[in-house]
Every structure is written in C-alpha cells, then in structure tokens.
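See below for the structure under consideration.
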Amino acid sequence: MIGPAAYAAEAQALLQLARPAMDAAIFEAVDHIHTLVWLNSACVEDLELLEREGIADCATFTQNYLRIACSSKLTATRHRRMARAIGRSCELLGLPLSLLLEALWLALQILHEAVAHLPWAREQHAQLAAVLSARVRDALHAINDGQHELSTARHQLMIELEQWRTTAGSWDAFAIGAMERLSRHPGMVAIAIGRPDPDARIVYEFESPRFVAYLAEIQRQGIGPLSMDASNTFGQSPQARAWRSRDIEINHSYLVDAGAGPWAQAAHAVGIHASTALPIIDSEGEPAVLLALYGALPGQFGTQSMGLFLQALRQVFSQAYAELGQLGRAHPPPVAVRRRHLQLLSRGAVQMAYQPIVDLATGVPTAVEALARLVSEHGRLIAPAEFLGGFGRPELNRLFVLGLQHALHDLAIWDQAGVHLSVTLNLPPSVLVHRDCLRWVIAGFAISGVNPERLMLELLEDEDAAASNQRDDAINRLATLGVKLIMDDFGSGYSNLWRMRSMPFDAVKLDQSLLTELSADQPRTVRFLAGLIDVVQGLGLRAVVEGLSSPELVALACILGADAGQGYALSHPLPATEVPVWAHNFSWASINPAQPPGELAALAAQLARSGAGHRGKF
Numbered sequence: 119m120i121g122p123a124a125y126a127a128e129a130q131a132l133l134q135l136a137r138p139a140m141d142a143a144i145f146e147a148v149d150h151i152h153t154l155v156w157l158n159s160a161c162v163e164d165l166e167l168l169e170r171e172g173i174a175d176c177a178t179f180t181q182n183y184l185r186i187a188c189s190s191k192l193t194a195t196r197h198r199r200m201a202r203a204i205g206r207s208c209e210l211l212g213l214p215l216s217l218l219l220e221a222l223w224l225a226l227q228i229l230h231e232a233v234a235h236l237p238w239a240r241e242q243h244a245q246l247a248a249v250l251s252a253r254v255r256d257a258l259h260a261i262n263d264g265q266h267e268l269s270t271a272r273h274q275l276m277i278e279l280e281q282w283r284t285t286a287g288s289w290d291a292f293a294i295g296a297m298e299r300l301s302r303h304p305g306m307v308a309i310a311i312g313r314p315d316p317d318a319r320i321v322y323e324f325e326s327p328r329f330v331a332y333l334a335e336i337q338r339q340g341i342g343p344l345s346m347d348a349s350n351t352f353g354q355s356p357q358a359r360a361w362r363s364r365d366i367e368i369n370h371s372y373l374v375d376a377g378a379g380p381w382a383q384a385a386h387a388v389g390i391h392a393s394t395a396l397p398i399i400d401s402e403g404e405p406a407v408l409l410a411l412y413g414a415l416p417g418q419f420g421t422q423s424m425g426l427f428l429q430a431l432r433q434v435f436s437q438a439y440a441e442l443g444q445l446g447r448a449h450p451p452p453v454a455v456r457r458r459h460l461q462l463l464s465r466g467a468v469q470m471a472y473q474p475i476v477d478l479a480t481g482v483p484t485a486v487e488a489l490a491r492l493v494s495e496h497g498r499l500i501a502p503a504e505f506l507g508g509f510g511r512p513e514l515n516r517l518f519v520l521g522l523q524h525a526l527h528d529l530a531i532w533d534q535a536g537v538h539l540s541v542t543l544n545l546p547p548s549v550l551v552h553r554d555c556l557r558w559v560i561a562g563f564a565i566s567g568v569n570p571e572r573l574m575l576e577l578l579e580d581e582d583a584a585a586s587n588q589r590d591d592a593i594n595r596l597a598t599l600g601v602k603l604i605m606d607d608f609g610s611g612y613s614n615l616w617r618m619r620s621m622p623f624d625a626v627k628l629d630q631s632l633l634t635e636l637s638a639d640q641p642r643t644v645r646f647l648a649g650l651i652d653v654v655q656g657l658g659l660r661a662v663v664e665g666l667s668s669p670e671l672v673a674l675a676c677i678l679g680a681d682a683g684q685g686y687a688l689s690h691p692l693p694a695t696e697v698p699v700w701a702h703n704f705s706w707a708s709i710n711p712a713q714p715p716g717e718l719a720a721l722a723a724q725l726a727r728s729g730a731g732h733r734g735k736f
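So the sequence shown is residues 119 to 736, counted in the numbering used here.
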C-alpha cells in the first residue's frame, strides 16, 4: 500500500478495528524508543533541557505522535505537515536523522508484532502492516524534507541579506531590513542590535517587537540591566562575553548558563529559551555593535550547522557595517577622543548655544535655534563637527533629551526677563522613531511649564524609506501634541513635495549651501532660490533661509519674500545668558527694494518686481 491509500477508507477501517491492540503496542514502543534515545549520549543533554524547561517531554511527545500516526482520522496532508515540523525542530536541535530512522523502524516493528497477534485473516494482517509501513515511510520522507527546508531557508536568508547589503543604502536601513528577514526565520523569537554606553550598559538601537516584550518583562520583574562589567552580577551574559572576547558567545539554556541565569524567568515568559551574541566588527577590526538573537528551543544555537550559519551572518553584518556604518555621518574621531566625548555626554556635560532667527518682514527676533556643544573638563566648548561622527543612536537619544531639557529651561528663564521666544531643536530621524521620543518631549514640557507651540523640531531630509511609515506616525503624534515641525536643509538633497504637503510641517529651512553657490552663477541661483521660496510658501509653509552671513544676503532673502532668516549677519550663536541682552538691543535696518544694497539684492529686486512672494511671521 503506497501514498494516499494508507489514509483511504479501507485503511481507516482497519486502523479503527486494531486500535486497542495498537494502543498497547504504542505504549511498549515508547519505552523502547526512550531507552534507545537515552543510549545516544549526543542527544541526551538537548532532550533533558526540553523537559527541564517544560517545552516537551520525549516520552509524551513520542506517544502522542505514534497515536496520531496510527489514527484512523489522520490525513496524508496533516501527517506530512506534522512530520516536516518535526524535521525542522530536529534540525534546530541537531538531532541526527539516523536516530529518528531507527526510532520509527523500532516502533513499526513493535506495531507489526501486535498486528500479527490479532485474530484476523492473513490478508487483513498484510493490509494493516502495509498501511503502517506506508505511513512510517511518509513520515521519514517528510522529516527529511523538514530538515532540508531549514537548511535551504538559511541558505536563502544569507543570499537575501547579501543582496540587501548592496541595496540598503545606509546602516540603519540594512539593520531594520535584516532584522525583519531574520525574524521570519524558523526558531527565531527576538532580535536586537546594540552596543555599550559609557557606563558599560548595553543600549539597544534596533529591537524586534518580541524583544521589546522581553525588555518589558525584565523591567516588570525588577531584574537589573545587562552590563559589560565582568565584575558585575549582570556582566556575564553572552552579549557581555561576546564584546570582551570579540567572538560569538552562546547561551544554550538559561537554566544551564549561569551568566544568563538572572534573566531566565523573563525570557521564558516570552518564549525565549536560548540566545547568542555576535560582535559585529568594524573596518578597524574593533567590535562596533552587538547582534543578539533569541531562540525558541534550548540548544538551538549550539549545533554544527547553526555555527556555520552564525559565522556567515556575522560576516555579512560586519561587512555591511564597514560599508554603511558611517554613511551620512561625520568622520569618526579617534577611539581615545570618542571615549572622552562619550564620557562627557554620559556626565551631562552639554551646553546649548542659541542662534537667533529673525522675522524678515518685521525685523523682530521670534525664535532661536538650539545648538549643542560638549563641555570639556577644562571648560572648552566642543562643536558637533568634532563629536557627532562618534555618536550612535543611544548617544543621539541622550543628546536630544539633554538639549531639549536645556532649551525649555532657558525659554522659561528668558520669559522672566521679558523675552518671549520660541526655540528650534534638531531631531535626528533615529530619535524621532524611538518609542520613548514622545514621552521625552511631554516630560520636558511638564518640567519646564513651556507651551508645546513654542517648541519647533527640525527634521532632516532622509532618503531611507525603510521606516517611512514609522517616521510619519511619529511626526503626526508630535504635531497632535502641539509641537511645530520644520523640514531642515531643504534643497540639499532628496525632497518629497507630496510628503511636505501631506505631513503637518509648519516651516521649511532652505539649506545654506544654496547661498554658497551664488558666486558661481548668480542669476540662476537667485532664480532657483526664489523658486524654492515660492514652492514652500505655495504649500502653505513658512520659508526660513539659513546662512545669512552678510547684509547683502539678508537683503536678498527679504526681497525674495522669505519669512525668516538666520546667520552671522544677524547674530552668531549666543550663550543662554546673553540671549535676553541681545534681544533687547537688536535693531533692524529695513530693506528698501527700490535701492537694493548690492548686485545680488538688485537681482532679487528685479525678480520681486515681476511677482514677489508673500511674507509671514515665523
């Protein structure tokens, strides 16, 4: 009897008649298989872990499977699906196919003996024996297919990651896309990417949804955070060990790995039973970030095939980081310098400088842009160009929070001096989409008492479309809060006009690089700048021109109809204590379009006479 006939009506009838005898035979087969498996020393540890962690009892699982395999109600499709799942699990655990083959044929032999003792005709004995043999063959083929499915899935995943590495365009995009692909892989429960902060705590930059649930469970249970400090109780996790050793570290089971033990209950609560940490190496051979994987089965990261997969995975992530990790960032400082900068940030040694923004219609200062500086041990102010290249997501998060706190606090102080301004603050895309961003902003308002409408957050243009929906959702939440939003550096690269129209932006900053190009082709650049201002204002947004470094450029922006401007011609960045004095003493020399000061302003006046843009309060 072959294939579908083993599940047909005639086979079902025979199985139903023989059910009592086969139940007894199955019970006997389970005992023999249990002995067989426990004689195989290579499998005992993994199977014991499954039992200790409450995932599966070998004897119970074997009995349930054999009862289903011998059921009169079993269909071929269900049997093969179940057997393929067994094959995938065995591949994850590294259980040899030869052991499964031996166990199934042992069970078949015992079942045949039970059938032979039934008071049936010889023909019925032969028919039922053929049914059982056919079902065992089906199971073996499907188990083998399941094992190959997992091997094929790993191979296909590596191909996809290699292709994604060449097309992602940025490290952030690669990390997000790679995590999505890894999350779909069999046995994978949670994924995170992070690195240590200056206090030797691991800070995560990218997290899968289940990992977020794991962190929430850790917090709920009051368990301490991961640490890199080897002397710390929480400093022996696979991630800490991997960072120190620069090699892949594996936690086979939270019940066995003492370093991972503190988080056992939290892990088990969300279905995590094993983990591994892969240090991702940068172009200088130093660990840059950690890739942490969390699995559903104890021991799944310790098999030979998984070891090869992890090595390949580490290689593609390291190559991606080497190629993409610094794209779009300032040049990274030397390691020793970066370490000092991180220490300053961790201590909160941040000071804000404020560059005024002036309404070009009225000449009234209406806002200031908050610009972060690190303060060295000797009081030297360190500009962003010196430290931003060494900052990753955790550092940008902290810098934003500190900058927000300083800016809102200073607004409140200036109010007491009779100077009422708004403040703009840069909001990096990675900070925007952080799950706590909105909470940080709300907390800042609660502490300072500042009205949300006086905070304007500047968002950089970003070509990465990998998380566009997430970014847009975050933008809408901030707008609902009352915060005003500005698109920064418009005209410096990619811009989506439809997005500008559909998203709740209030203003657009025109990139100062546009003004640096004036010397090359003045008429064309002036017309281009005028066109940009018209486009922005045509969308109902305010146009702010950056880089007004001379009176002539201020006149140019005024005549072209820009709403507001900032630059050295109006004011250099000021310490917080000097802003009220500057605001009280600032005087505005109005621009007469009939007598424009300089050639550029004359070109602008020419354009203005042919149809000037409108101006409004910033």
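Note that CB positions come from ideal geometry on N, CA and C, so glycine has one too.
Quantities reported herein were computed from a predicted structural model and do not represent experimental measurements.
Alpha-carbon spacing of residue i relative to residue j, whole angstroms
i	j	result
W156	E402	48 Å
L632	A648	11 Å
G679	V434	51 Å
D624	R660	7 Å
T193	R283	43 Å
T394	G305	13 Å
R202	N369	27 Å
L215	L132	30 Å
A730	Y439	Because the pLDDT of A730 is 46, which lies under 50, any placement of that residue in the model is unreliable, and the question is left without a value.
N569	T351	44 Å
G466	L344	22 Å
E513	L460	8 Å
L550	R170	43 Å
R299	L217	32 Å
M605	E367	43 Å
P546	L431	29 Å
L213	F292	33 Å
V653	L575	21 Å
V559	R302	34 Å
E163	V374	11 Å
A410	A382	16 Å
G379	Y372	5 Å
T598	Q523	20 Å
E280	L426	16 Å
E128	V233	16 Å
Cross-strand partners of residue i (DSSP beta bridge)
i	result
F324	I311
I500	L492
A625	I604, R660
Y412	A308, S393
S540	A485
A471	L489, P693
M574	T542, K602
R319	S345
Selected residue, minimal CA-CA separation from residue i, among the options
i	options	result
Y332	V455, F427, V307, S349	V307
G562	M574, A260, H527, R553	H527
A260	V249, Q274, L539, C208	C208
A387	G205, G172, G420	G172
R491	G510, T484, L463	L463
P405	V672, Q357, G264	Q357
Y125	D164, C188, E163	C188
L517	A488, V254, R498, G497	A488
A707	I651, V476, Q429, L135	V476
Buried versus exposed call for residue i [16 or more other C-beta atoms within 10 Å across all chains shown]
i	result
Y686	exposed
P138	exposed
V519	buried
D365	exposed
V663	buried
H702	exposed
Q655	buried
D554	exposed
N544	buried
I565	exposed
P416	buried
D582	Only weak support exists for where D582 lies, its pLDDT of 49 falling under 50; the value from the coordinates is given anyway. It counts as buried.
Any chain D beta carbon closer than 9 Å to residue i
i	result
P380	Absent from the structure is chain D; it holds one protein chain and no more.
* Quick one: any contact between the region 135-154 and the region 169-180, if contact means 3 or more CB pairs under 8 Å? -> yes
* Just checking, does the region 661-672 make contact with the region 686-695 on the three C-beta pairs under 8 Å criterion? -> yes
* Should the region 217-236 be called in touch with the region 249-256, which here means at least 3 C-beta pairs below 8 Å? -> yes
* Kindly confirm or deny that the region 530-547 and the region 308-315 touch, where touching means at least three C-beta pairs closer than 8 Å. => no
* Asked: On the three-pair Cβ rule with 8 Å, is the region 693-707 touching the region 467-482?
  -> yes
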